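Under full-length UniProt numbering, think of the first position of the sequence shown as 1, with each following residue one higher. The beta-carbon is built from N, C-alpha and C at its ideal position, and this holds for glycine as well. Bear in mind the structure is a predicted one, so any value in this text is a computation, not a measurement. What follows is a set of notes on a single structure, which appears directly below.
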Amino acid sequence: MANASLKEVFSDVTLIVDPNTFKEPNRVKDILTECGIRVTGDLCYEVQGSFDKIEDLFVKMSSLDRYVDPNLRDSPLHHQQRPRSPTPVKPVAIVGAVWDFIQQRCSKELKRIQGEDVLIHKPHDKMVVTFQSRIKYPVRVHFARERFVTFYQRLATDLKVKTYSLDPQYYKSLQGQFPELLIEGTPGKDKMTVTGRYMHIVILEDFLCSSAAVTSQRSLTPQRVRARTSGTTHNKQSDEEEESCPICLETIKENKKKTLECKHSFCRRCVEKAFKTKPVCPTCGAVYGELKGTQPKGGTMTTTKEKSSLSGYEKYGTIVIQYHIPSGIQKEEHPNPGQTYQSVSRTAYLPDSSEGRNVLALLKRAFDQRLTFTIGRSSTTGMENMVTWNDIHHKTSRSGGTSCYGYPDPDYLRRLQDELKVKGIY
Numbered sequence: 001m002a003n004a005s006l007k008e009v010f011s012d013v014t015l016i017v018d019p020n021t022f023k024e025p026n027r028v029k030d031i032l033t034e035c036g037i038r039v040t041g042d043l044c045y046e047v048q049g050s051f052d053k054i055e056d057l058f059v060k061m062s063s064l065d066r067y068v069d070p071n072l073r074d075s076p077l078h079h080q081q082r083p084r085s086p087t088p089v090k091p092v093a094i095v096g097a098v099w100d101f102i103q104q105r106c107s108k109e110l111k112r113i114q115g116e117d118v119l120i121h122k123p124h125d126k127m128v129v130t131f132q133s134r135i136k137y138p139v140r141v142h143f144a145r146e147r148f149v150t151f152y153q154r155l156a157t158d159l160k161v162k163t164y165s166l167d168p169q170y171y172k173s174l175q176g177q178f179p180e181l182l183i184e185g186t187p188g189k190d191k192m193t194v195t196g197r198y199m200h201i202v203i204l205e206d207f208l209c210s211s212a213a214v215t216s217q218r219s220l221t222p223q224r225v226r227a228r229t230s231g232t233t234h235n236k237q238s239d240e241e242e243e244s245c246p247i248c249l250e251t252i253k254e255n256k257k258k259t260l261e262c263k264h265s266f267c268r269r270c271v272e273k274a275f276k277t278k279p280v281c282p283t284c285g286a287v288y289g290e291l292k293g294t295q296p297k298g299g300t301m302t303t304t305k306e307k308s309s310l311s312g313y314e315k316y317g318t319i320v321i322q323y324h325i326p327s328g329i330q331k332e333e334h335p336n337p338g339q340t341y342q343s344v345s346r347t348a349y350l351p352d353s354s355e356g357r358n359v360l361a362l363l364k365r366a367f368d369q370r371l372t373f374t375i376g377r378s379s380t381t382g383m384e385n386m387v388t389w390n391d392i393h394h395k396t397s398r399s400g401g402t403s404c405y406g407y408p409d410p411d412y413l414r415r416l417q418d419e420l421k422v423k424g425i426y
């Protein structure tokens, strides 16, 4: 989801259909046949396909009348029957910086999520987005909400907000050269705030560290920006591709070439210098060696277990994680060395299942490598010099679902492991 248009959030969905639960089972079979599904006998059918295909089929099925088993009237299954009036769709809490980026840099993805049948809107006085149906099938609003939540969480995981000191005259030039980034400056001040995905921030920082950003003697064109991300440039005269270093942008000399396991190539000196700062591929972010973060030292991570369960994990107890970072003075690795930061305590929850315990071990490694927290600007309050989460998302609520950073969220443990793998922990 980094550069091209948003891929389908749910690439493969399964819908289980039991014709005998409908008052017109033959009509159900007709619909399945129309969708190219072979119907045999009176068994349940598992229909697999893209999100759009399954969504359309679900909407058609929802328009049919169903039987209600008397034994299920007081059970949760009874309430899953199609209601006579639309079920209210809860708004989703958002962070201002992420929403601004979505509006200005992800408008196409946002339109795709809401489609023609749903309106996604943010009230002026609230940090939430609401979902409204434009047609008679309110079920589409629920689908749009789930798609938005998944997209929002994955984007927020990868999004970085950085502040740089730079002459204001370069703002427009940089925005043209880095269209994927949201670059904002304050009139009369030499500071700019940049919001963007991790890989694009890395590319920008490489550029700002070069002489081009300071002297402006060698402007970076959009074509050269793309060359950074791909690692190649095209020689029109010889009609052959020649490799350029994504860091210095010079042609890589064969005897000074370094190709990493991820197949990206650089000038040997450039990549060795980059690895001294951070042992990751400057192009794709693949980790080489043990990544160390900027989490303040002296913090603690403790765990306890409770018999009560989390929603969606009723068979298991709960692992309670307690983090504490004491107050201190920022070091050279932090945004404002010499300035203070306040202590912070955070509580997170995991299911006490085998997978939950495996994830706990990974989180412990991340904490020991100082990757769990960092110091920067709070995404909720906007205050600087705060201890904040460092792109490893935790469930800080037992309930409330994804919009409240709680459970149920059946895909959470997998997403969390993906986030940790990006940091070389797996």
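- By the CB criterion at 8 Å, Thr14 and Val47 fall inside the cutoff.
- Look at the beta carbons and you see the segment 337 to 354 touching the segment 387 to 397: at least three pairs across the two are nearer than 8 Å.
- Rounded to the nearest whole angstrom, the C-alpha separation of Leu371 and Cys270 is 25 Å.
- Phe266 is bridged by DSSP to Lys258.
- When C-beta atoms of the segment 116 to 132 are compared with those of the segment 143 to 151, three or more pairs fall below 8 Å, so the two segments count as touching.
- Thr300 has His324 as its beta-bridge partners, per DSSP.
- Ranked by how close their Cα comes to the Cα of Asp117, the residues Asp56, Arg415, Glu272 and Leu182 have Asp56 in first place.
- For Gly376, the closest C-alpha among the options Phe275, Thr340, Pro246 and Trp99 is that of Thr340.
- Here Val320 is near Thr303, since their CB atoms are less than 8 Å apart.
- Each residue's CA atom was taken as its position, placing Gly36 and Glu184 some 51 Å apart.
- Contact annotation, Ile329 with Gly338: C-beta distance approximately 7 Å; criterion of less than 8 Å satisfied.
- The segment 397 to 415 makes no contact with the segment 248 to 264: fewer than 3 CB pairs, one atom from each, lie closer than 8 Å.
- Distance from the CA of Pro179 to the CA of Leu32, rounded to the nearest whole angstrom, comes to 45 Å.
- Between the alpha carbons of Ile203 and Val161 lies a distance of about 14 Å.
- DSSP places Met199 within a helical segment (H, G or I) once states are collapsed to three.
- In the three-state reduction of the DSSP assignment, Lys191 falls in the strand class.
- Between the alpha carbons of Leu181 and Met192 lies a distance of about 12 Å.
- Taking 8 Å as the cut-off, the beta carbon of Thr374 is found no closer than this to the beta carbon of Gly424.
- Restricted to the segment 87 to 164, the alpha helix (DSSP H) segments that are unbroken, complete and at least 4 residues in length are 96 to 105, 107 to 114 and 139 to 158, listed in chain order.
- Per the C-alpha coordinates, the member of Tyr426, Lys276, Asp206 and Ile102 positioned closest to Lys364 is Tyr426.
- Just so you know, the alpha carbons of Leu413 and Trp99 end up roughly 25 Å apart.
- By the 16-neighbour rule on beta-carbons within 10 angstroms, Ser165 is exposed.
- Between the C-alpha atoms of Glu254 and Cys267 there is a straight-line separation of about 9 Å.
- The three-state secondary structure of Gly376, taken from DSSP, is strand.
- Going by C-alpha positions, Val28 is about 25 Å away from Ala144.
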